[in-house]
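Trainee: Please read through the structure below; I'll follow up with questions.
4 protein chains.
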Amino acid sequence: MRVTIYNEGVHEAQEGSVTQRLYPQGMHGAIAAGIAPLLPDAVIRHAQLTDPSHGLTPEVLAETDVLLWWGHEAHDRVDDAVVDAVIARVHEGMGFLPLHSAHYSKPFKRLMGTTCSLKWRNDNDRELVWTVNPTHPIAAGVPSPIIIEGQEMYGEHFDIPEPDDLIFISSFSGGEVFRSGATFTRGLGKIFYFSPGDQEYPVYHHPDVHRVLANGIRWAMPTLPPTTLDAPMALRGWFE
Amino acid sequence: MRVTIYNEGVHEAQEGSVTQRLYPQGMHGAIAAGIAPLLPDAVIRHAQLTDPSHGLTPEVLAETDVLLWWGHEAHDRVDDAVVDAVIARVHEGMGFLPLHSAHYSKPFKRLMGTTCSLKWRNDNDRELVWTVNPTHPIAAGVPSPIIIEGQEMYGEHFDIPEPDDLIFISSFSGGEVFRSGATFTRGLGKIFYFSPGDQEYPVYHHPDVHRVLANGIRWAMPTLPPTTLDAPMALRGWFE
Amino acid sequence: MRVTIYNEGVHEAQEGSVTQRLYPQGMHGAIAAGIAPLLPDAVIRHAQLTDPSHGLTPEVLAETDVLLWWGHEAHDRVDDAVVDAVIARVHEGMGFLPLHSAHYSKPFKRLMGTTCSLKWRNDNDRELVWTVNPTHPIAAGVPSPIIIEGQEMYGEHFDIPEPDDLIFISSFSGGEVFRSGATFTRGLGKIFYFSPGDQEYPVYHHPDVHRVLANGIRWAMPTLPPTTLDAPMALRGWFE
Amino acid sequence: MRVTIYNEGVHEAQEGSVTQRLYPQGMHGAIAAGIAPLLPDAVIRHAQLTDPSHGLTPEVLAETDVLLWWGHEAHDRVDDAVVDAVIARVHEGMGFLPLHSAHYSKPFKRLMGTTCSLKWRNDNDRELVWTVNPTHPIAAGVPSPIIIEGQEMYGEHFDIPEPDDLIFISSFSGGEVFRSGATFTRGLGKIFYFSPGDQEYPVYHHPDVHRVLANGIRWAMPTLPPTTLDAPMALRGWFE
Chain A
6 MRVTIYNEGV HEAQEGSVTQ RLYPQGMHGA IAAGIAPLLP DAVIRHAQLT
56 DPSHGLTPEV LAETDVLLWW GHEAHDRVDD AVVDAVIARV HEGMGFLPLH
106 SAHYSKPFKR LMGTTCSLKW RNDNDRELVW TVNPTHPIAA GVPSPIIIEG
156 QEMYGEHFDI PEPDDLIFIS SFSGGEVFRS GATFTRGLGK IFYFSPGDQE
206 YPVYHHPDVH RVLANGIRWA MPTLPPTTLD APMALRGWFE
Chain B
6 MRVTIYNEGV HEAQEGSVTQ RLYPQGMHGA IAAGIAPLLP DAVIRHAQLT
56 DPSHGLTPEV LAETDVLLWW GHEAHDRVDD AVVDAVIARV HEGMGFLPLH
106 SAHYSKPFKR LMGTTCSLKW RNDNDRELVW TVNPTHPIAA GVPSPIIIEG
156 QEMYGEHFDI PEPDDLIFIS SFSGGEVFRS GATFTRGLGK IFYFSPGDQE
206 YPVYHHPDVH RVLANGIRWA MPTLPPTTLD APMALRGWFE
Chain C
6 MRVTIYNEGV HEAQEGSVTQ RLYPQGMHGA IAAGIAPLLP DAVIRHAQLT
56 DPSHGLTPEV LAETDVLLWW GHEAHDRVDD AVVDAVIARV HEGMGFLPLH
106 SAHYSKPFKR LMGTTCSLKW RNDNDRELVW TVNPTHPIAA GVPSPIIIEG
156 QEMYGEHFDI PEPDDLIFIS SFSGGEVFRS GATFTRGLGK IFYFSPGDQE
206 YPVYHHPDVH RVLANGIRWA MPTLPPTTLD APMALRGWFE
Chain D
6 MRVTIYNEGV HEAQEGSVTQ RLYPQGMHGA IAAGIAPLLP DAVIRHAQLT
56 DPSHGLTPEV LAETDVLLWW GHEAHDRVDD AVVDAVIARV HEGMGFLPLH
106 SAHYSKPFKR LMGTTCSLKW RNDNDRELVW TVNPTHPIAA GVPSPIIIEG
156 QEMYGEHFDI PEPDDLIFIS SFSGGEVFRS GATFTRGLGK IFYFSPGDQE
206 YPVYHHPDVH RVLANGIRWA MPTLPPTTLD APMALRGWFE
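Protein chains in written order, with this note's numbering: chain A, 6 to 245; chain B, 6 to 245; chain C, 6 to 245; chain D, 6 to 245.
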């Protein structure tokens, strides 16, 4: 199980930022520390915006079973060639977990085909994450609700395609609701979007969030060898 | 457009009840008065528990395009033969709108095949009804959110099959969420479950609720002549 | 992994029947022999119509993780109390695999809420079973198409609710198509309907069919302890 | 109802081609002639590759409620700026009907986020188009099956996201199956993919195909004014 966490790393690099204070090892570091005990068979690596190819070289992608993606400030600075390569790997079977503000990342928008727009408010709302699909593997061992004391609000309407499975719905103290955990399939790749998590709140230290992410990674693991999907001519009776 | 509203009528019959005060014409009367201007081509009739066959004789059902169902106290007093006839008509194409506590009505439970269980609290929560499917005909002209100042709380997990379309998600001031508007197809019948509405709150006087119900009725209208679905033997090449 | 195969056993009991010749150990015996090597951790038992409680006593059901159901001639002879118990166990989390003509069995019809009607023809059609959801665990290791040289035709329109996941679509030499592998969730129970298999064709000796059934059983395993779903009152702030 | 049919027009321009013989008015002409009597309130116009902006100028797109798209040879010659404009209009609410080989068109691939790959064979298969969703408005008045005497084969696996609604499944005389009619929502735009139709077969003269396309256009009509979906900050209590 080879996991790569892309974290753009922009907020962490700002001296004196709340992100730096909350996440001295980076958000990716907090995520890695949280999921590692739950995925003892996983090798976890880190990629960031300032690495060559943002750390997502063809070699790294070829060796990645599941890619987590955290981005916010620097969506536009991600190279389209890297995005193309990520999309191609998802189509081949790589799992993909876009996190929180990655709703507006290039790979997620291209895989969804929608605007991925939503409402938001950075005002320390309490978020409650309710399970609506209790038998889904991603919900295993997750309390309903997860209680997140402070968090950015993300609200409907969230412009995404109808999910394969809707697993979590959040409410916020301001009254908004949000489809906060949802799965999709694109090509042979399984995608799990999960919104809780923000650079200004300690959400990535929350053990229930670690559980959800670990479950999501395990669920998104490829089940087939990497396969390029193309459009072959099929002779009559080719299967006989 | 022939609409029948089944309302068990138990709460309204209790002298001095809050229901009697809120709904002097009955909840069915408030619903009928609210939707009539929005469905000028509709003939609306009323059926209740104490009528012979609960008002749902074969003749009435045969002349009903869409059946609304409000029940709460008297689910168990509904005759199974009437339930069978309602189910048969849904399978033939009749539209069906179970309302609020009808989540536990016999016809809805049988059409869903699940327990239809949920959490609840009668404590004057504010309910906000958010649209998550803005292009669905049932959402046309409906503000997001609908604001319902006082209402019983219905919360997840709501044990229903995955809906064909999830249209509304509610939040409550206590923090719970609920899939409050959802569609299903059973046989040739279209079903729209809508939870806002209660015998102790004036929800059925709310103009946005009238709009949703009118939209739901129009959406659930049969599109085919009544047809009994059976399992015919089909000779090879029967379609040629 | 505790698997129970209910096979009514009526066709096998008819002296000189084609079923007896094709399945000297019964269809359940052929299924058990086929899946056992693929599910080495499974304990497989058999239940039949003529057993007390059709072999599905409360004790047996309590000890069953996944129930397979084959029925055809004797749907109506299945005791409603046993059906109630099966449904209750599915709602609690037991997996359920209705096979072929079990589309018309009492438990499947009640869990679906539809008529479950379809077209059919017993005329030795070749059935090709195509995978349309290649990353689903039930499709793992299954060729597309599975080639079944002779089989009863089942054709659309198949009156089922929209499946959670549509995995297989079959074509028949007569030109018909059928949604032959589909999943549903009811309560906490996972359901997989798979149509290939008939008492007059040797389909249950087909290794690809064994693979699908073994995958389906593994997929339908309960992930939570048995839980009765009910409708509790939830005090404000109960989760804090 | 303002309908625009984009037809690249490459096959029709080849002197002596089978397309020219089958479709002296172009495939768009055959489609327009077929749907016009079924959509008496429609204004139908035509756009083609060799027009400035392929006939899809901002003005034309702004005046288009539903866009049909036929392309095959010249997918790569479609200007990305035009594709961007089409996508933006779909997100704003314009209906979109990609036809047959438009599975590989730029707009469809971008709206789906998948490879849109499939199997194919140009060998005069008979295609049978079966309805699996008989109450969907797109199936109204459509026989099941539609019989298309000669047609290119399109077969699974078709790499598309799980459709909102699967309406038609085709079989071919070679035994393959294909999800030939499926709907999607992207932004506020409704999308209906329909595969029957080819430049070398007279499918666009088939009255049942006309019926499906007319139904699809009516279904895909925008229900809201054109709206740009963006991500506004929402002050606490903004809705009160």
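For each residue, glycine too, the CB sits at the ideal point set by N, CA and C.
Since the structure is predicted, the reported quantities are computational estimates derived from the model, not experimental observations.
Counting Cβ pairs, one atom from each stretch, are 3 or more of them under 8 Å apart for the stretch 93-112 of chain D and the stretch 180-188 of chain A?
Mentor: No: fewer than three Cβ pairs fall under 8 Å.
Trainee: Which complete beta strand (DSSP E) runs does the stretch 114-160 of chain C hold, if anything under 3 residues is left out?
Mentor: DSSP runs (the beta strand (DSSP E)) wholly in the stretch 114-160 of chain C: 124-136 and 151-160.
Trainee: Between D87/B and L61/B, is the Cβ-Cβ spacing less than 7 Å?
Mentor: The sequence shown places Val at residue 87/B, rather than the Asp named in the question. Against a cut-off of 7 Å, the Cβ pair of L61/B and V87/B comes out as a contact.
Trainee: What does G242/D touch in chain A if you count any residue whose Cβ is under 9 Å from its own?
Mentor: Per Cβ cutoff of 9 Å: G179 and G180.
Trainee: Applying the criterion that 16 or more other CB atoms from any shown protein chain within 10 Å of the CB defines a buried residue, is M238/C buried or exposed?
Mentor: With fewer than 16 other Cβ atoms within 10 Å, it is exposed.
Trainee: What does the alpha-carbon distance come out to for the pair L234/A and S122/D?
Mentor: Straight-line Cα distance between these residues: approximately 6 Å.
Trainee: Between D130/B, A67/B and R50/B, which has its C-alpha nearest I152/B's C-alpha?
Mentor: Out of D130/B, A67/B and R50/B, D130/B has the C-alpha closest to the C-alpha of I152/B.
Trainee: Could you pull out every residue in the same chain whose Cβ sits closer than 6 Å to the Cβ of N127/B, ignoring the five residues on either side in sequence?
Mentor: Result list for N127/B: E157, in chain order.
Trainee: Starting from P103/A, trace the beta strand (DSSP E) both ways and give me its first and last residue.
Mentor: Segment G100 to P103, the beta strand (DSSP E) holding P103/A.
Trainee: Along chain A, in chain order, which residues have C-beta atoms closer than 7 Å to that of T190/C?
Mentor: Within 7 Å Cβ-Cβ: T140.
Trainee: Check for me: the alpha helix (DSSP H) holding V87/A runs from which residue to which?
Mentor: It spans D85 to E97 - the alpha helix (DSSP H) in which V87/A sits, taken as one unbroken run.
Trainee: Considering only residues of the same chain and omitting the five flanking positions on each side of A79/B, which have a CB-CB separation below 7 Å?
Mentor: Around A79/B: E13, V15 and L54.
Trainee: If you measure from the beta carbon of K195/D to each beta carbon in chain A, is any gap under 7 Å?
Mentor: No, because no Cβ of chain A sits closer than 7 Å to the Cβ of K195/D.
Trainee: Is the stretch 196-205 of chain C in contact with the stretch 113-122 of chain A, if contact means three or more CB pairs nearer than 8 Å?
Mentor: No, the stretch 196-205 of chain C does not touch the stretch 113-122 of chain A.
Trainee: Pick out whichever of K124/B, M99/B and G98/B has its Cα sitting closest to the Cα of H105/B.
Mentor: Of the candidates K124/B, M99/B and G98/B, the one whose C-alpha sits nearest the C-alpha of H105/B is K124/B.
Trainee: Taking A236/C as the query, report the chain B residues whose CB atoms sit under 8 Å from its CB, ordered along the chain.
Mentor: Simply Y109, S122, L123, K124 and W125.
Trainee: In three-state DSSP terms, what is Y206/D?
Mentor: Coil at Y206/D, not helix or strand.
Trainee: Could you give the first and the last residue of the continuous beta strand (DSSP E) run that contains S171/C?
Mentor: At residue 171/C the sequence reads Leu, which differs from the Ser that was named. Where L171/C is concerned, the enclosing beta strand (DSSP E) stretches over D170 to F177.
Trainee: Going by other Cβ atoms of all chains shown within 10 Å of its Cβ, with 16 needed for buried, is V65/A buried or exposed?
Mentor: It counts as buried.
Trainee: For the candidate residues V137/A, H59/A, S149/A and A219/A, whose alpha-carbon lies nearest to that of A38/A?
Mentor: Considering only alpha carbons, the answer is A219/A.
Trainee: Checking contacts by CB at 7 Å: is E167/D closer than that to chain A?
Mentor: Yes - at least one Cβ of chain A is within 7 Å of the one on E167/D.
Trainee: Just to confirm before moving on: does the CB-CB distance between P227/B and G21/B stay below 7 Å?
Mentor: Against a cut-off of 7 Å, the Cβ pair of G21/B and P227/B comes out as no contact.
Trainee: Using 7 Å as the limit for Cβ to Cβ distance, is T233/C near chain A?
Mentor: Answer no: the Cβ-Cβ gap between T233/C and chain A never drops below 7 Å.
Trainee: Select from P142/D, F163/D, F189/D and H162/D the residue whose C-alpha is nearest the C-alpha of D164/A.
Mentor: Checking every option, the nearest Cα to that of D164/A belongs to F189/D.
Trainee: In chain order, which continuous runs of the beta strand (DSSP E) of length 3 or greater are located wholly inside the stretch 46-80 of chain C?
Mentor: With a minimum length of 3 residues, the continuous beta strand (DSSP E) runs that stay inside the stretch 46-80 of chain C are 48-52 and 71-75.
Trainee: Would you say W75/B faces chain A, with C-beta separation under 7 Å as the test?
Mentor: Chain A, which has no Cβ nearer than 7 Å to the Cβ of W75/B, makes this no.
Trainee: Assign P150/B to one of two classes, buried (16 or more other C-beta atoms within 10 Å of its C-beta) or exposed (fewer than that).
Mentor: By the neighbour-count rule (16 or more Cβ atoms within 10 Å), P150/B is buried.
Trainee: With a threshold of 7 Å between beta carbons, is T55/B in contact with chain D?
Mentor: No, T55/B lies away from the interface with chain D (no Cβ there is under 7 Å from its Cβ).
Trainee: Run down chain C in chain order and give the residues with a C-beta less than 9 Å from the C-beta of L229/A.
Mentor: By Cβ distance, chain C contributes P139, T140 and A145.
Trainee: Under 7 Å, do E245/A and S175/A count as touching if we go by C-beta distance?
Mentor: Not closer than 7 Å, so no.
Trainee: Cutting at 7 Å between CB atoms, please list the residues of its own chain near D46/B, excluding the five before and the five after it.
Mentor: If we look at D46/B and ignore the five residues flanking it on each side, its Cβ neighbours are M6.
Trainee: Classify V217/C as helix, strand or coil using the three-state DSSP reduction.
Mentor: Helix.
Trainee: Might you give, ordered along the chain, the residues of its own chain that have their beta carbon closer than 6 Å to the beta carbon of Y209/C, omitting 5 neighbours on each side?
Mentor: Excluding positions up to five away in sequence, the list reads M32, A35, I36 and G202.
Trainee: For D170/D, count the other beta carbons within 10 Å of its own beta carbon; 16 or more makes it buried, fewer makes it exposed. Which is it?
Mentor: It counts as buried.
Trainee: Assign E17/A to one of two classes, buried (16 or more other C-beta atoms within 10 Å of its C-beta) or exposed (fewer than that).
Mentor: With 16 or more other Cβ atoms within 10 Å, it is buried.
Trainee: Going straight from the alpha carbon of Y11/A to that of R241/D, what length do you get?
Mentor: So the two alpha carbons sit approximately 32 Å from each other.
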